[in-house]
Structures are given as C-alpha cells and as structure tokens.
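Order-wise, the sequence lines are chains A and B. To convert a position in the first sequence, counted from 1, into the working numbering, add 57. To convert a position in the second sequence, counted from 1, into the working numbering, add 10. Backbone N, C-alpha and C fix where the C-beta goes; we use that ideal spot for every residue, glycine too. Worksheet for the structure shown next.
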Amino acid sequence: MRFVKLAVESFKAIRKAELEFSPGLNVLYGPNDFGKSTIATAIQAALLVPPGSSEAVAYQPWYADAVPRVALTFVDDTGRYWKVTKEFGSEKSAELRQSKDGVTFTLDGKQREVEEKLRKLLGWGIPAPGGKSAPRGLPSSFLANVLLAPQTDVDSILTASLAEDVADTGRLRLNKALATLAQDPMLKKVLDVAQAEVTRHFTPTGQRTRKATSPFALASDAVKKLQRDLDELRGKLDESQGVEAAVIASQERCAAASAEAAEAAAHFESAKAAFARDGARREAQARLEASLVGLAGIDAQSSRVRKLEADWKVLEEKARGAKRNHEAAAAQLATAGKALQQAEESLRTAKSADAARERELRRVQLEKTLSEIGAKRQNLSAAIAAAKAASQAEQEKNAAIEAARSTRALLEKAERELNNAEVEAGLAKAILAYGRWRVAGIRARDAEKATERAAALRADAATNEEKVTALEADLKVREARIEKAKLPSDETVRALAAAERELKIAEAALGGGFSVAVRSRGQAVRASVDGKKELAEVEAETILEAQRSVKLAIGKTVDVEITAGAPEKRRAFETLKKKWAVDHEPLLTRLGFGNGDELAAAAREHAERRRALGVDRQQLDTLQKEITTLLGSADREEEQAKTLAVDAEELNRLKALIGDADEKILSRQFDVLGKNWEAQAETLLTSRTRTLDNERQKVTQASKAAGLADFKSAECTKRAAEAALGAADAKELDKELSALTAAEREAKSALSALSSAAGDAVQKAEAAVAEANDLIAEMENAAGAARTALDAAEVAAREAELELASVRGVLQTMDRGAAQSVLDARKRELAAFGDSRPTSESDVKAADQAAATKSAKLEEARQELHKLEGALSQVAGAAVREEVMRLEEALAIAKQQEREIEIDADAWKLLHDTVREVENEEGAHLGRALAAPLTRRFAEITRGRYETIKLDGELRTEGLAVAGVHVAEDEVIGALSVGTRDQLATLIRLTIAEQLKSAIVLDDQLVHTDRSRLEWFRRAFIKVSIDAQVIVLTCRPGDYLLESELQGDAPIRDVSGGTIRALDAERLFTRWDAPVAVSEVRTGSVPPPVSAGAGR
Amino acid sequence: MEDEIVLKLLHTADWHLGRRFRNFGEEQGKKLRFARLAVLERILMQAERNAVDAVLCAGDLFDEPTPAADWWEQVAALFAKRGWKNRPVFLLPGNHDPFLPESVWAAPHPFRAALPAWVHVVDRPDFEFALPGNAVLYAVPCQSKAGQRDPTASIPKRAPGDERIRIGMVHGSTFDLADCQTNFPIDKNAAIERGLDYLAIGDTHGFRFVPPDRLVPPTIYPGAPEPTAFDEKDPGKVAIVFVNRQRRAMVRAEPVAYWHWEEVKVLNIGGLRQLAKRGDLANRVIRLQLSMRVPAPEFEEAERILDELKGTDARPGRIGVLELDRQGLELEIAGIEQHCMGLPDVLQSVIGRLRDAANDPAQRLVAERALFHLYRTARQGMR
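This is the structure in structure tokens:
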C-alpha cells in the first residue's frame, strides 16, 4: 500500500492542506508545531477512525466551528486506487470510492461499510467496528502502531507484540510477507512448488481461476460443451424414442387387431360354414328321406310287379282251365244235341201234329225266353268286367298323379337351390368387382392427396424463394455498405483506444491545478486552458485557473505554453501526445471520428453489422436448403401421385361391374376378406360358379323326371277316363244278374211242365227230349258259363298282363342299385355332419357384425401405424441413440478428468495452506525472518557492536547479543541508550514496512541520532523506499535534504534525481490562525506564492 | 465341376467415416478418425488379392448423411485411382447416412460425379444388377434414419425356374437385436424367404452369422472394418464370399483393422509394470482401469509408468490411444511417515494434519493427493 494524495480541511490546527506523495521517500518539513503531526493524525483518522468515534472530538478545528474533513487516496497491493473521504463532528459521514486508473472513481461503500472494507483492505489486525471485540476510540494494533506510530514512542515499538492484536489479520499479513525470509530449504522448496501450483490454479482470493487458458476452464468448457451437445441430442433422442415407442405400440395394437379380426373373420366363416352345414345337413336329411322314399317306391313297384306276375300267371291258368271247361262243355253239348235229336224224333213219333204244334209253340217261346236270358247274362258279365277294369284304371291314375306331384316338388326344390346359387355367385362376382373399384378409389384419393401435398410444398418453396430473393437483395445492399465503411482492423481500433486511454491517464496524471496571473503591458494576450484548441483573448489583468496546461500568445512575438505535473510525467505525456499525433490522430481525422471512443463505437457497430450479416446469410442458406428439400418432397409426391392415379372412366367401368348389389354388404364382405381379398374373392367366385353349375344339372335331371311323371299321369288319367266311359254301377249289375237268374229258373220250370203234359211215350219221348234239352241246356249253360269264365279269365289275364307291362315299364326306369348307392352315400353324407350344435342365422349375423367391427378396428390401427411410419422416417433413430451413449461416456470421462484436475489443484492448495497454517501456528519464523535483516542493519549502524537481535514469534524484541553476551528481553530497553533504542525501533518499523511493501509514516524520528548515523538512515530510507513508501515528518529538513534541495520555489519538489519528494509544509498548509485573505483559496488549487506561509 | 467357384465377393459395412471419438481427447480422437479412412485402402487391397468379382458395402459408410467434403473427396479419390472396370463396387446408404435429398448419395451431389462409373450407389429400392457367374444383386437402401419395415421385403422372391445366384444387400437390425423394431428390422429367415443365396447386411459392428446356427444360405454382418467401441465383439474384418455352381455360398472373415481395442484392469503395481513391458501397445486402443491402493513410492512409480504409457508434452505415449480411468488409484497413507523421514518438523506436522484430513471422507481424496504431492516434491528436493 502507498498513499497518493491527502486533502485535509478544518482539521485541528489545519484549515486546509493538500499533499501529493511520491511512491518513494517523502520528506514533509516545517517548523515545530506547524501541524506536521496533524498530517499523521489525519492519515490515521482517514484509515482507522469511524466518523462517530469519540476520538473524533479531538479533530475539531481549533478556531472555528467547522466540520473536519479528510480525504485520502491510496493504492492497495493489487494496484487498485481507493479514495476514502470522512467528515467528523456533526456531519459524520464516510465514503469509499475505488478506481482502476486513479482518475475515474466509483462508489464502493458508505458510512459503516467504509470502516469494514478499509480494515479488510489494510489487514492490520484491527477487527471490523460494531463487534464485541471492536475497539473504542482510536483503534490500535501491532501494525497500526508500526506503520503509523505517533511522535516517537520508542519503547512501545520495542515492547509491542502481535499477541495483543484482537484480529489475526495483521499476523497473517506478516506471516505471508515474512515467510520466505526464514524457511528451511526443503520447506521453501515445497512451498515454492505449492505456491506456483496454487498461483497457476487459483486467484489471489482463493477462487479457482477461470481464465480461458486455465485447466479448470478448459476442463469445464469441455464438460459444458459435451453437456450441451448431450442435452441437444437427448432432445432428439426423446423425440425419436417417443415416435419409436408409439410405432412399436401401434405395431402391437395392429398385430392384436389383426389377430382379433382374423379370429372374428374365422369365427364368422365358421358360423357361416356351420350354418351352411346345418342347411346342408337338413338338405342331406331331406335327400336321404327322399332316397328312402324313392327306394321304398322302387321296392313297392318291384313287389307290385311280382304280385302282378303271380296274379297274371293265376289268371292265365284260370283262362286255360276255363278254355278246357268250355271245350268239355261244348263236347257235352254236342253229345246232348245228338241225344235231343233222338228224343225229338221219338217224340214226333209219339205225338200228334197239333198238340205237338201247341206244345212246340210253347216250348219255342220258353226256349226263346231262356235264350234271351242267356244273352242278357252274357252282356251283364261283360259290363261287370268293364266296371272292374275302370276301377283298376282309376287306381293307376291316382298313383301316377302322386308320383308326378312328388317329382314336381323335387324339381321346385332344385330350382330354388339353383336360384340361391345364382344369387351367391352374383354376390361373389360383385364382391370382386367392388374390391377392385374400392382399391382403385383409394389409389385415386391417395393420388389426389399426394398432388395436393405436392402443390402445398411447391407453394412453401415459392414463399421461401421470395424470401430468399428479398434477403439476397438486402444482403447485397448491406454488404456493399459494410464494404464501403472501410474501418480499420479491430487490432488497430484497440491499439488506438489503448493509446487514447494511455494519453488520457498521462494527461490526468499531470493534473493538480495551478493558476497563471496575466498582467498585460499593452500587448494583446490570447490564452487557452487545459488543451482547448482555440485561443481566446483575455483581459489585461486576469488569473487563469488550470488543471494541466495553459497556452498564451503574447502579441505576435511570444507563445508561452505552461504544463503542470512532474517533469517525467510531462515528458511521458508529451511523448504519448506526439505518438498520438503521428500514429493515431491522422487515422481518426481521415475517418472523420472525433476520438477513439467514437471509432470504437463505430467499429462495434460495424462488427455487429457483420455478425448480423453472417446470421442472415446463414438464414439464407437455410432457406435455400429448405427450398431444395421442399421441391424434392414435391417431386416425390408428384411421382407418387402419377403412380397411384386412376382415371374416372376406369373407375366408372369398375363401378358398373358391381351391378346393383348393396354396397354396405359388399363393403362388409370386402373388409372381412382382409389383406388377400382379391385371391379370396376370386376363389369364392370360382367355388360358387361350380355350385351353380351343379345345381343347374340337378334342375335339368329333376325337370326330365317331372316330364316323364307328368306323361305317365296323363296316360293313366286318359285310360281311367276311357275305362269309366262304358262302365256301369257294379251293384246294379249284380241285382240285374240275380233277377235274370230267377227269370231263367222260372222259364225252365215252365218248359219242364210243358213236357209232362204229353203221354208216356210222348211223355217218355218228351221226357227224353226234355232230358236231352235239359242236358243240352245244362250243357249250353255249362258251355256258356265256361265261355263266360273263359272270357272273364282271358280279360283278367289280359288286364293283368297290361298292368304288369305298365308296372314293369316304370320299374325299368328305376335303378335300385343306383338308388341304394345314393342312399348309402347320403347316409354317409349325413353321418359326416356329426352331432355339432346347430347354428342359427342370428348367430351368423352376430359373427358377421363382430368380424366387421374387428375389421374396422384393424383398419383404424393400420391407418394409425401408417401415420406413425411417416413420423418415424423423420426421426434420428438408432443413430442418435448410439451417439447419446457415446456422448454420455465422453461426458463421464470429461467429468472425471475435470474432477481429477480439481482434486490435483485442491491438493496443492491444501498442501500449501496446511504448510502455511502449521508455519503460522508455530510462528517461530516471524522472529527469525525479521531478525536477520534487522541484525544486519543494526550491526551496520552500531558498527558490529551488536551481533544478533532476537525477536520472538510475536515480533517482540526478545533480546540481543552484545559481544557474545546475551541481553534478555526485559533488559533491552535499559541496556541501550535513548538514541540507540530510537534507532532500533525505527529499524524494526522500517524493516517491517519493507517486508510488507507498505507506506510508513515516521513522525520526528531519530532526534537523538548523530550526523553519521543520520546519513546512514537517509540512505537506508532511500533504499527501502524502492519497495515501500516512506513519509518522514520532520522539523529538521537538513537531516534528509541538501541545502540546494531546500532552495526550490515550488512547495512540492522532486529532488535527488527524483528519489526524494520534498514537501514544504509552510507553503502547503493553511492554518486557522492565518489572515482571512489567505483563506480564500479556490478549490482545486494551491494558494499563490504571495500568500503562502502567511500563517507562520 | 459342381464345386467350381463361379462368384467371389467382398462384403464390408459400417465404415462410419467422419465419426468423432470424443472420449479420447482431440489428438487421440483424430488418430481414430483418420484410421477409418486408412482402412479402406486395406479393404480394397483385399478385394484385389482375392480377385473378387464385386465389392458390396452394406451401409453406414459415412457417420452422417452430409459428411464434410474432406471425407467424401478422399473416398472418391481412393476409388478413382483404381481401374476396376470389371469389378463393380456397390455403396449402400444405411441408417446413419440414409439416402435423403440433401445427402451425399443424392444424384446432384458432387460425390456422385466424382465416383468412377463402376462404383454404383444404391439409390432406389428396386436396385438390381447383373453380376458375373449368372448372378444378380438386389439391394435396398435406407431412406431415413429410422424405419419399421423389413427392407428385404422389397426384394422380389425367386420366381419358379430362376436358377441364377441371387445376392441380397440391405442395412438394418436382425430381429434378435435390441431396438430392432424401428431400426429396419430384418427377418432372420429373410434369405430363405426371398430366395437369396447370400444376404449381405450391415449395422452391427462385430462379425456375425445370422442366425448363429450357420444355416445356409448365409446372412452375414461383416462388422466395422475398424472398431468403434470397446464392447464390440469380433470387429475389424471384412467377409470374402465364395459361391459355387450349386449356388452354395461360403464365407471367410479377413482381418483388416489397424487398431485393436482392449479393456485392461490393473489391480496392483505388478500388473501395471507388466502392461508397460508389452511390445504391442503401439496399435492398441486401451481402456485402462486402475484399481489399487499403493504406498507412496509405488504411487510415484505408477505415475511415472502412466506418463510413459500416455505420453507427455515432450514424449509420445507408448499406447496408441489410451482412455485412463484412474479413480481407483489411491494412496496408502498408512506408514507414509516412514517414506518421509528426514523432512523438517514443519513438514512432519503437515503430514500429520493431512493424514487427519484424509480421515474425513469428504476430504480423503484431496488430502491423499496432497500427501503424495508433498512426498514427491520433497523427494525431488532431496535429489
């Protein structure tokens, strides 16, 4: 730390004073009691005393009721400027400002914060105010005492100890500063290495260094970059995994829906099949029954043929018997006729002619009657036979009609089945056509959608192209503008700014203020102040107030330029100014900028424009890429649309092929068919067409059978009608036959009576004739009966033969073996159906409904999957997953490396801090550290009289060795003379200040020191002041300054080649007891020489 | 001769040109990146040595669809310097470098123009190419980075009477691999289903028969010709395929990799010494995991060996590429005082304090390392 400037106002005896210190040795001289010690007090007040402290009472001005003010500017060990301003008494205010350049200050803290911050900055072992251990009044500590001790209190320095410090900041500071002086080489090596590592890795405040090149920053940047990349990739991965999971879930749903749909379709097919099987089973049952009936009919027909054959054979036998009877009766009749001829001859002989004639007439009548009866009987027998034949024909007609009806029923049934088959085949054909129409429709719609998408993509591309055109035009204009600007490089701008800043700092360093009194003796005087370019005419007598420079033009003959500041600073400023004028100003002028700030602002703006241009150019590239992508997508869409396109004519043609089938049914059937619908539909159509052909054959056969049956029925009906035409009622015929038989018996009886009336011969002849006639009659009856029987037998046999032929004809049309085979086949067919539960039509409908629902669900799932497939093609998939894994691995490694670096650096810090801590706690080195240089210097002063000086760990003087004799601590004070004690105390203070590189204020030291030792101290002060600022307050300037150096005009003078700054208190201070005129000093300037020192 | 070989192929995949190896640091990562290009020369030499009729490159040849020009220019130059007019090469886009309009495979891309006429890019799903020996190649490219359809489904089935040798080439994951559902899943029986005599596939980085029971016709992953990770099984090969007149394909794996990736776990200083003695480290990529607690002298030796293995600013490392996990390398602090005898009192006190600090689990690692720093610095000071 070093002091830069002190301004005091209304402070004890001083009304106003302003001092600027040099970094080295400063000698402030003035007579006794002039207020030099007040300067030391003011420094103490500025650094240590809170405005409200009781100590501040002593700061009140001696002769006025004014507010004591003090302002101290100092530089800390890091080179930062601090300015503390305090007002004591009634105002009580404090303010701390800081600055990097010593010119521009910013507020750092106020009031209480000021003390806290100052004590931290100083590190003198004084705790912050307000705490338990906070000091009341003037705070003190070992270092405060060493560096700012009031007028000589030699003994207090020799007995002072760090142990009395309330806070340990002073000890730590000393430890740090003195550590290197007294260490073991090994310890030093360890500390050096550790310190180097700590310096490499940590800031002075112990934070890890974050410079761009530091290992932490590099490792941390690597981790951050990997983390950023990983976060970005994880975002993509999440998106990708979301889509992938959705696709997988959708696939599973699709598979489940497909399985369900297949199951439902299978169930429906199974129900349909079961239903169809039930129908088929019923039909098979009916067919079996029909076969049984048919076979029974054949068997019945066979039986009937056999019976008819037997009947016919019996009737044939009967007819042959009747023929034989008839022939026998005819032979007996011939015999009886001969007997009659004989009897009649006998009779004619026996009888007269008349009687015989009468009897004969009677007999002829009776015989005529009998003959008529015989004819009637014959007719009656024929009628009875005709009636029997009609009855038989009627029975046959009825059987034929029944057979025809049964065959017709079979035909109708076959026709119904044919009709069903036609409907089924039509439906199959319609399903196929519908499927083709629907698929074509979907393709057409997809084509339309693809065309629409292509149009939208092209529209987007066109929009982007417009943007690109506009942006390109804009970019050209902006690029031209940037090109035109032609600003210098950033490096030049920075160099110019740095030069300007340097110039300003150098110029500011000249500041301090002065006034120039101008008294013209007739010539016109023009002047400019503080670098203003234009010179303005001034009045004849005027005082020009300036901070840094004044230019005067006196008439046309003399130009005077007065510049403030120390010579080296002025030279530096001039050098910089020339350099500025040569190196930078022409550039600024050429570019038309007033100063470097304006140029820097323009350069920043220019850079910003370039950056914005870069961003927009990237945007342009992005847009152009987007256009390519959009057009590529549009091409693909259009290509797809072409591939999928179906024209309207084709659609209409396909639609026409569907016919008038219900589309809802077709749609459901189509959905049920699923993926391979076309093949299935074609198979179905083929199967149904085959069924249709079978049914058609069946109808043809049934139709033929029905035609035959109808023919037979018609024939039988015709025959029955013909038979019925001549047939009478059989009962009536029987009655007629009975009456005829009675009439015949009566006629025969009368004939018999007629015969008995002739004599015996006659009687006998007549009896014989009668007997012969009887016999003939009997024979004729027998012959008639035999003839009738023969006719009847022959009719019956002929009828039986006819019936037999008819039945045989029917039987011949029947194939029993085939019928039996059919029956067996139908039995097997029926048996093949098994005993499954019957399926109703409602079961089939329910299954159909369920299948349609599942199919719709499947379609829904497929649509969803299709959409997700589109999304999937846009994500990064496995590639990003792998990249994330690689990045995670890399990140883990980078973090491990970062941790490794941290551990290593922390380990160095821990080692360093631990070594320091142990050292501090053991503390021994402090005394050793100081003792060596102290002993050396003390030996120099005392010319080797004192060999060693011992200081303990608390820096208390422990003792010294004089010519081999040790002087103990409590004897040191008594052992040395006052002057030597003073010199030893000064040496201790000086050595500590040197090690701390801190300012030290020595107020009237070494008053008991002889000339030679003073000369030694003067050289020592100069030497020490290379590292530490030394401010000597003395009433004996001759102890430090040569006679010639005391002769300067200025109150502040840098002498001895710039190694010493002489400050003349008499000319720098304004005291309260000074005349009033002197007090009117304007702020910012020192009083003119005429009034200086008036307060003495 | 029924057994006469009528067709010879070289099957490779997964070059991943342009891949970054970010867990190895910039310099080491570059070695591995460059190696991906260098191996192509050896692959093409294998093709020449075996006098193959065609070279099949089954996808993921670039690590991304739009690689930097440097990569594709070198690939094109590699082909251009060969005059293989009768040995066609087929480049298939994979899931890392899918065929996209802006990709390196697109017709307007300068890469396409730079390729010789005998290098064919599979740029459509119905790609078909007649090969010598009455053979035909069917190939299906990836057109996106993810997909759920089996690419082999686009290959037509063998028609009745088709007696040609049918070769298929696709890129994707067979059904037995994780996440295959969305990474172009390939049915393990695809070769049989599609009537192929050999199915060349890419994606997995290790050489592998699919299915593992080596049923014919073979379906093969040749793996990455240069490994890309430690967990890859049997990488670094290409497949040489021989097909006889009976259409029977036989496969031989041919090593081409320069780098050999290896994971090494060292449990004591002896193991580390042994590793350091090995003479084959120059072309090794080693993941070295240390798991040992050693006293200070051995710790120092371990550090020295590690410097030797990984190299320093002034000296190249003996291991080609090293990934070092030293978290398990710990200092045995018991008895450390014996190794630090002769140090000044202050440093002895420091050792005591650091030992105490090492008992605090939160500070253990830092305190142990600090003890090691002290030990080593002190030893260097004594020399």
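{"Check": "Beta-carbon contacts of A337/A that lie in its chain and below 8 Å, excluding the five residues immediately before and after", "Outcome": "F890"}
{"Check": "Nearest candidate by alpha-carbon position, reference E469/A, set A318/A, I1006/A, R753/A, E172/A", "Outcome": "R753/A"}
{"Check": "Any chain A beta carbon closer than 8 Å to S359/B", "Outcome": "yes"}
{"Check": "Given 8 Å, three or more beta-carbon pairs between the region 361–371 of chain A and the region 782–798 of chain A", "Outcome": "no"}
{"Check": "Beta carbon proximity, G689/A to chain B, threshold 8 Å", "Outcome": "yes"}
{"Check": "Helix, strand or coil at E77/A according to DSSP, with G and I counted as helix", "Outcome": "strand"}
{"Check": "D222/A, buried or exposed, once every other Cβ within 10 Å from all chains shown has been counted against 16", "Outcome": "buried"}
{"Check": "Coil, strand or helix - A827/A by DSSP", "Outcome": "helix"}
{"Check": "Nonlocal neighbours in the same chain, by C-beta distance under 6 Å from Y148/B, ignoring five residues either side", "Outcome": "E138, I165, G178"}
{"Check": "Reference F382/B, options D370/B, P126/B, L364/B, closest by Cα", "Outcome": "L364/B"}
{"Check": "Sufficient close CB pairs (3 or more, under 8 Å) joining the region 947–955 of chain A to the region 277–293 of chain A", "Outcome": "yes"}
{"Check": "Backbone CA spacing between A316/A and E735/A [nearest angstrom]", "Outcome": "20 Å"}
{"Check": "Proximity test, Cβ basis, 8 Å: H383/B and chain A", "Outcome": "yes"}
{"Check": "Any C-beta of chain B under 8 Å from that of W965/A", "Outcome": "yes"}
{"Check": "Pair within 8 Å by beta-carbon distance, E172/A and P107/A", "Outcome": "yes"}
{"Check": "Given L27/B as reference, the closest of V65/B, A86/B, A188/B, P170/B once Cα atoms are compared", "Outcome": "A86/B"}
{"Check": "Contact set for H641/A: own chain, Cβ-Cβ below 6 Å, skip 5 residues either direction", "Outcome": "L553, A556"}
{"Check": "Simplified DSSP state of M58/A, which is helix, strand or coil", "Outcome": "coil"}
{"Check": "Proximity test, Cβ basis, 8 Å: A1131/A and chain B", "Outcome": "Summary for A1131/A: the model assigns pLDDT 48, below 50, so the residue's position carries little reliability, and this model does not support an answer."}
{"Check": "Cβ neighbours of N382/A in the same chain (closer than 6 Å, five flanking residues each side left out)", "Outcome": "A843"}
{"Check": "Any C-beta of chain A under 8 Å from that of T192/B", "Outcome": "yes"}
{"Check": "Chain-ordered neighbours of K155/B on chain A, where CB pairs are closer than 7 Å", "Outcome": "V932, A933, G934, A936"}
{"Check": "N-terminal and C-terminal residue of the beta strand (DSSP E) that M302/B is part of", "Outcome": "294–304"}
{"Check": "CA-to-CA distance, P545/A to K41/B, given in whole angstroms", "Outcome": "41 Å"}
{"Check": "Contiguous beta strand (DSSP E) assignments of at least 3 residues, all confined to the region 196–263 of chain B", "Outcome": "208–212, 218–220, 229–231, 247–254"}
{"Check": "Close-in-space but distant-in-sequence residues of the same chain around T508/A (CB under 6 Å, 5 per side omitted)", "Outcome": "A698"}
{"Check": "Secondary structure, beta strand (DSSP E): runs of 3+ residues fully inside the region 49–116 of chain B", "Outcome": "64–67, 99–101"}
{"Check": "Sequence-distant residues of its chain with Cβ nearer than 6 Å to L714/A (five each side left out)", "Outcome": "A490"}
{"Check": "Under the three-state DSSP convention, the category K268/B falls into", "Outcome": "In the sequence under discussion, the amino acid at residue 268/B is Tyr, which differs from the Lys named in the question. The answer is coil: DSSP assigns Y268/B none of H, G, I, E or B."}
{"Check": "Nearest candidate by alpha-carbon position, reference Q449/A, set E858/A, A822/A, A964/A", "Outcome": "E858/A"}
{"Check": "Closest Cα partner of K636/A within the set R710/A, Q580/A, E559/A", "Outcome": "E559/A"}
{"Check": "Within-8 Å CB hit, P111/B to chain A", "Outcome": "yes"}
{"Check": "Euclidean distance between Cα positions of L437/A and R414/A", "Outcome": "34 Å"}
{"Check": "Distance between A353/A and A388/A (C-alpha atoms, nearest Å)", "Outcome": "51 Å"}
{"Check": "Stretch pair the region 761–781 of chain A + the region 387–406 of chain A: three plus CB contacts closer than 8 Å", "Outcome": "no"}
{"Check": "CA-to-CA distance, L861/A to E459/A, given in whole angstroms", "Outcome": "19 Å"}
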